[in-house]
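Here the protein sequences line up with chains A and B, keeping their order.
With this note's numbering as the guide, the letters of the first sequence map in order to residues 86 to 657.
With this note's numbering as the guide, the letters of the second sequence map in order to residues -10 to 276.
C-beta: ideal position from N, C-alpha, C; glycine also.
Since we're looking at a predicted model, the values are computed, not measured.
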Amino acid sequence: MEDVSIVIAASAGQGIQTVESLLVAIFKKAGFHVYASKEYESRVRGGSNTTELRVAGHRVAAFRRRIDILIPFTLGSIEHVRSRISDDTVIIADKILFKNTDPSTLSINPILLPFREKAMEIGNWIYANVVAVGTISALFGIDQSVGEEILNARFSAKGEQVSEENLKAFRSGCIMGAELQSERALSIRIPAPPHMEGEILMNGNEAVALGAIAGGCNFISAYPMSPSTGVLDTLASLSEEFGIVVDQAEDEIAAMNKAIGAWYAGARAIVSTSGGGFALMTEGLSLAGMTESPLVVHLAQRPGPATGLPTRTAQEDLNHAIYSGHGEFCRLVFAPGTIEQAFHITQRAFQIADALQIPVFVLTDQDFVDSYYNIPRIDVSDLVAEHGFVSTDDGYRRYELTADGLSPRGVPGLGEGLVRVDSDEHDEQGHITEDMDSVRPAMVEKRVHKRIQLLQPYLEPPTVYPHPQASSILVCWGSNYQVVKEALDSLGSPDLSMVHFHNVFPLHPDTGPMLSNAGKVMIMENNATGQFANLLRQQTGYEIPQENRHLRYSGKPWSVEEVVEMLKKEGF
Amino acid sequence: MEFNAKMYDMPQEKAWCPGCGNFQLHSILREVLAELSIPPQELVFVSGIGQAAKLPQYTRGHMFNGLHGRSLPAAMAINAANPSLKVIVASGDGCTYGEGGNHFLAQMQRNPDIVNIVHNNMVYGLTKGQASPTSSKGMRTRVQVDGVTNEPFNPLAVAIAMGATFVARVFPGNKAQTKEVLKQAIQHKGYALVDCFVQCVAMNKVNTFQWYKEHTYELEASHDPTDRQMAFQRALESEQYPTGVFYSVEGRPVFWEECAAYRHNPEPLFRRSVDMEKLQDVLDSKA
């Protein structure tokens, strides 16, 4: 086997995150490629949540429907993933789960192991999860010392007893795993891939947060909102090391105005939110447009409208990002497709925002921010966070009309000039004006027309994969990159390529010709109206026919299998 | 540098009505700034929207004239990004207590090092005469046609309850006291609320200059501004309104001082650069 999908299914509060994080760490340490994604309900206890772990000899970075090994922690969670269980799925469960239920009544044939019983022998039922981790680790033939090292690192701070009992639990799980191999002839051997040194593991939220730091971010104001909160958490955890002012705002209106105030005073600020929170930020976004403030917005999408499905995934807020805010001003919207791209895009977002004095968006979604996989080491030694502001002289005018339309941005306290910004229409000094004959048109041209011109060199073309000249193309954007890539790899069709957009607005000028030169153009997005397809039509005139639009709006991410099936139906 | 009130004045025409209380307040504020010898380059005036919010337009210093109701979040952030600047917020009662009510509460909890001057004329002036959060009960307006039915908002009592570290009310008709209180507010380390009774000559025919004059009196010299209970009690007085410093406590840490960002580095954020080596370590620790 080259590629194994393990699903851990449980109720919220059963500690499956521990199982997930330990297993991922062990698999990675053992030298395999790993991917993990979770789907969870909007609750703290109960219900059914699952985590999918993929372990492989090649890179894996997308969600699969297939389950090779299922580890259920509740009976209800088996029903939750029923449609993904096949005859080939190996179910490994705690014996105690079936104390009062015959597995055959559920039409399954699980391997029952005494996880809890072993844990009780060690001293506490809470170790049952670690017993299970040991079993899985041994099943993959991973040397016991790998897991021990991970456990030591994880639990040594919690005292000798806890650390020792966890190790005992792990070892007892390893013994069961070894027995499974000999008694049931159940053994999984994945050939370890070469060149795994230095590979790092990050989820989408961490990539955005660390990319922000690389971009010089030193201020975050945010109101917690799933699925974007991880960025706030990560920056808070690094606030002392990197000198980041962290404010949990009273609401998103405040968060946005604080970010703009911080940029005004020379900080580099990010806001991180989801659709509903961003709705509250749009008033402030418009202020950024008017005051020509740089700004970086991380918008992690989830299904709406209103509260929608708080912990599920969608690509429904593209229009929200592009069209939000009253009045007219320039903006740039990125939607990263890979973890590396999320890091680099967020880093770049700060540079561009500062250089052009505009809002730059990093548009992600739940599936993207909560998923993680190993990527090659990121080298930041060449990165520099260049400040876009200048020292000012007496007589400085914040909105000086210049030939290229960019007024040098001063900050209070650097130089002799006074930095005066205004949400009213203003003259070059930043003072209220109602001069509609010359000042107003000049300011609009500066904020809109000239700024869009200045933005052109920063626009990036889409990624074409795998064939540069395929006659048929499947367009996707943002988080769908990995699932489409893997589907195309498995299909191997010589005539079909993906065109993935990470720079979603404004579009790169190559976009139109790329679409019109293709034979067949299909699109895949996670919304009901084809927001990106409509944007393509609006910006390039090219219309992707309705029957070629594959729209998903259930709140679930696409699986590799679903994309393959969809493409097969399309004749590939 | 020689400091005088005139140097804080901006040349452009002021869009306030003749007789507006904002003129007195503006002139007193400029005198105070001169007496405190604060260079305009160290001052940031922050405001929202409204007639009061135009004060920064007419005052020499840095200016962040933001959105209606949103002056306090911006001011708090400016202070946190560069604590060496003196941040003075000036906006009206509608902007601060109405549209920005949540920000008013939340910023007081943080104790940012800012001065919050609220021009309280008990009416919406720029939108031409609707009730404000502080309008008296029964006041008839073009919207509250049968008279205001809302209980008037009591900013001082709210501020004292929320833990604001400096809470005062002034009536610029009493110039000597206004000057003294503003001076203390600007020198106070932490959040300082100065609610100012200013008359709106155009839109409020009830709370006129004369009315404020007749309905205010100075807090006695014996009032102890460190006595929070007493301050709260005095803030509840409503027939006759006391003016002066109701409550003042020094030494409470301000927002930026408690930020991890300043634990090892006193520099304002704009003077810093990213430690890429450290970031490399963080990234490599994910291996």
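- Taking a C-beta distance under 8 Å as the contact criterion, V645/A and A527/A do not qualify as a contact pair.
- One Cα belongs to A66/B, the other to K343/A, and the distance between them is close to 5 Å.
- The beta-carbon of Y308/A is placed no less than 8 Å from the nearest beta-carbon of chain B.
- Annotation for D452/A: no beta strand (DSSP E) segment contains it, though the alpha helix (DSSP H) segment containing it runs Q451 to D455.
- For I338/A, a Cβ of chain B is located within less than 8 Å of the residue's own Cβ.
- Going by C-alpha positions, K194/B is about 28 Å away from Q1/B.
- For H204/B, no Cβ of chain A is located within less than 8 Å of the residue's own Cβ.
- If you look at K570/A, you'll find it in the alpha helix (DSSP H) that goes Y566 to L576.
- Distance from the Cα of N588/A is smallest, within the candidate group A603/A, V560/A, N611/A and A613/A, for V560/A.
- Excluding five sequence positions before and after R169/A, the CB atoms of its chain that fall closer than 6 Å to its own CB belong to R150 and I152, given in chain order.
- Within the region 237 to 303 of chain A, complete beta strand (DSSP E) segments of at least 3 residues are found at 285 to 288, given in chain order.
- The region 526 to 545 of chain A and the region 415 to 430 of chain A touch, with no fewer than 3 CB-CB distances between them shorter than 8 Å.
- A residue is called buried once 16 or more other Cβ atoms fall within 10 Å of its Cβ, and L25/B, having fewer, is exposed.
- In summary, the residues of the region 269 to 291 of chain A whose CB is separated from some CB of chain B by less than 7 Å are G283, E284, I285, L286 and M287, in the order they occur in the chain.
- Interface residue (Cβ-Cβ distance to chain B less than 8 Å): V506/A is classified as such.
- For the region 255 to 268 of chain B, the residues whose beta carbon sits under 9 Å from a beta carbon of chain A are, in order, E256, P257, L258, F259, R260, R261, S262, V263, D264, M265, E266, K267 and L268.
- Counting only Cβ-Cβ distances below 7 Å, S639/A has no contacts in chain B at all, with the closest Cβ about 32 Å away.
- For V216/A, same chain residues with a beta-carbon under 7 Å away, outside a window of 5 residues either side, are F200, K203, A204, A254, S257 and G258 in chain order.
- Just so you know, the alpha carbons of F446/A and Y408/A end up roughly 12 Å apart.
- Between H57/B and V33/B, the C-beta gap is not smaller than 8 Å, which leaves the two residues out of contact.
- The beta carbon of S508/A sits closer than 7 Å to those of L372, M375 and T376, all from its chain and outside the five residues before and after it, given in chain order.
- For M97/B, the enclosing alpha helix (DSSP H) has its first and last residue at G90 to R99.
- Distance from the CA of G495/A to the CA of H405/A, rounded to the nearest whole angstrom, comes to 31 Å.
- Only C248, A249 and A250 from the region 226 to 250 of chain B bring a Cβ to less than 7 Å from some Cβ of chain A.
- At a cut-off of 8 Å between beta carbons, M52/B contacts chain A.
- With 16 or more neighbouring CB atoms inside 10 Å of its own CB, E647/A falls in the buried class.
- Note that the C-beta distance between S306/A and A354/A is below 8 Å.
- DSSP places I27/B outside both helix and strand once states are collapsed to three, so it counts as coil.
- Listed along chain A, no residue sits closer than 7 Å to D102/B by beta-carbon distance, the nearest being about 13 Å off.
- Proximity of chain A to G55/B at the Cβ level (cut-off 7 Å) is accounted for by N342, L372 and S508, in chain order.
- Here V243/B has N100, P101, D102, K178 and G179 as same chain residues with Cβ atoms under 7 Å from its own Cβ, once five neighbours each way along the sequence are excluded.
- The closest CA to that of P29/B, considering only N619/A, P497/A, G615/A and I338/A, is found on P497/A.
- Under the three-state reduction of DSSP, P553/A is assigned to coil, being neither helix nor strand.
- Taking 8 Å as the cut-off, the beta carbon of V381/A is found closer than this to the beta carbon of A434/A.
- With its beta carbon less than 8 Å from one in chain B, P497/A belongs to the interface.
- A contact is defined here as three or more CB-CB pairs under 8 Å, and the region 9 to 21 of chain B meets this definition with respect to the region 159 to 174 of chain B.
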